[in-house]
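Everything on this sheet refers to the single structure shown next.
Numbering (our numbering), first residue to last: 21 to 571.
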């Protein structure tokens, strides 16, 4: 355990708790048109923003450990940064470096994958998110592995593609499929038997998380492993057919498809094969990994589990050692805020609904799945609805607020962290009206929590982990003008934004212990030190600076 935090001699903190409210996917938009945060009636948020110390924080690119400032932030790296108070090189950058240096292909796991296929004259399979969104995966990583596999003597490879439409354009699948087919054709011209074998939308098959809907994983298992699903001659044919039948369908919701030749699937997964799940982000990789690795698996009937050499791009859970084999080591995040609070003897609560529960626990704790202390920490998961988010955009924000208000009033906790998923999960649907509704529902709950914090003599920090709902329309990169579809409607943008996010300090009992003007130009990693300041303790010396200037 870490050393306890030292009390700040200048002030002792407040009587009530420090409440960190993470409004997932809420940023400050660069464009008026398509900014659902601006369009929403968020009167409680606006009032706090106007009357309280406030600043804007960076939540993307290098500020959260990604390769460049052209990379969108995401909930994983955002909660990592908020929870550990520093910036660590994250998955995308670590994989880039491993490929560039050749370390990935010299490692024991890659050699094991390739050696297994060569000795069994079998197939090397790749499953993962098929885009360059750089949030869960990157298509260039896949291409690099395929090119290396051919150099290493792998004769047959099959790719099982999970369409994105969430971290990239909502109907951009063919922008990736067609050039990739050309890439595979070049390898086939050299003698490689490398082909796309199956696929479907990321929100329909395979990429569930936090046990929200295991049927997604079952559909993926049946499709990738067994070759069960609607049959097509190519991925392009499948995508065009589904779009013709449902013109409004976005890539993430495309049903499963299986590529066949002479009436038979071309890429079922069999005993003796090797399988790489090439997502580097862990939350949506853990469940399909469990289906491949666990002996006593009870989430659905696998019928049989093929005996394969399975590996993930990274280790997705260090505590549980999942997966057993991985190509790139994850960032070694230590000395998180949660660990310091426990060492100091402070009680804390972490709460969200299922869709973001792992973010305020696992990711916030530096990719650690367990608690630091059963006695001092409570984790609460409110079960999410299993319906499309645009149909219930308020999600579970009221239930989260109910629990938080009770926790504030109980006097039991010194620190409470919560996540409202609305701005992100509804934002990914691309349905502007639903996003506005979700944000307004969340804002009502912010007003309720603010009142409870005031009664308890506590502090409320309003912030986010990245932008999304602030940028709901596609804009021309040169002119900034909105782009329209064939029906004259604004093209929906379903991915995260590069915009800054809010940091607002509501501290009704403030007596001038810190300057009213908060520091600017910081990243969201500064929030950990800010929380420690407000609790009346001294942040660790190597934590990124707090937004507060204590006087």
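We put the beta carbon where it would ideally sit given N, CA and C, even for glycine.
- In the DSSP assignment, residue 71 falls within the alpha helix (DSSP H) that extends over 63-71.
- Excluding five sequence positions before and after residue 327, the CB atoms of its chain that fall closer than 8 Å to its own CB belong to 291 and 292, given in chain order.
- Bounds of any beta strand (DSSP E) do not take in residue 35, whose DSSP letter is neither H nor E.
- Between residue 48 and residue 500, the C-beta gap is not smaller than 8 Å, which leaves the two residues out of contact.
- A direct Cα-to-Cα measurement between residue 388 and residue 230 gives close to 14 Å.
- Residue 345 is positioned such that its CB atom lies no closer than 8 Å to that of residue 111.
- With a cutoff of 8 Å on beta-carbon distance, residue 216 and residue 179 are scored as near each other.
- Residue 45 sits away from residue 506, with the two beta carbons spaced by 8 Å or more.
- In this structure, the alpha-carbon of residue 107 lies about 34 Å from that of residue 197.
- The segment 170-189 makes contact with the segment 133-153: 3 or more CB pairs, one atom from each, lie closer than 8 Å.
- By a beta-carbon distance limit of 8 Å, residue 557 does not contact residue 30. Their separation comes to about 11 Å.
- Residue 128: member of the alpha helix (DSSP H) spanning 128-140, first to last residue.
- Rounded to whole angstroms, the gap between the alpha carbons of residue 468 and residue 364 is 30 Å.
- Shown here, residue 379 sits in a helix according to DSSP, grouped into three states.
- By the CB criterion at 8 Å, residue 151 and residue 184 fall inside the cutoff.
- Excluding residues up to 5 positions away in sequence, 348 lie with their Cβ nearer than 6 Å to the Cβ of residue 114 in the same chain.
- CA-CA distance, residue 559 to residue 481, rounds to 17 Å.
- According to the DSSP secondary-structure assignment, residue 334 is paired through a beta bridge with 348.
- Remark: C-beta atoms of residue 274 and residue 250 do not approach each other more closely than 8 Å.
- If only complete runs of 3 or more residues are kept, the segment 487-525 shows no beta strand (DSSP E) anywhere.
- Proximity to residue 355 across 335, 236 and 385 peaks at 385, based on C-alpha coordinates.
- When DSSP states are grouped into helix, strand and coil, residue 158 belongs to the coil group.
- Contact between residue 37 and residue 435 holds, since their C-beta atoms are separated by about 6 Å, short of 8 Å.
- Assignment of residue 108 by DSSP, reduced to helix, strand and coil, places it in the coil class.
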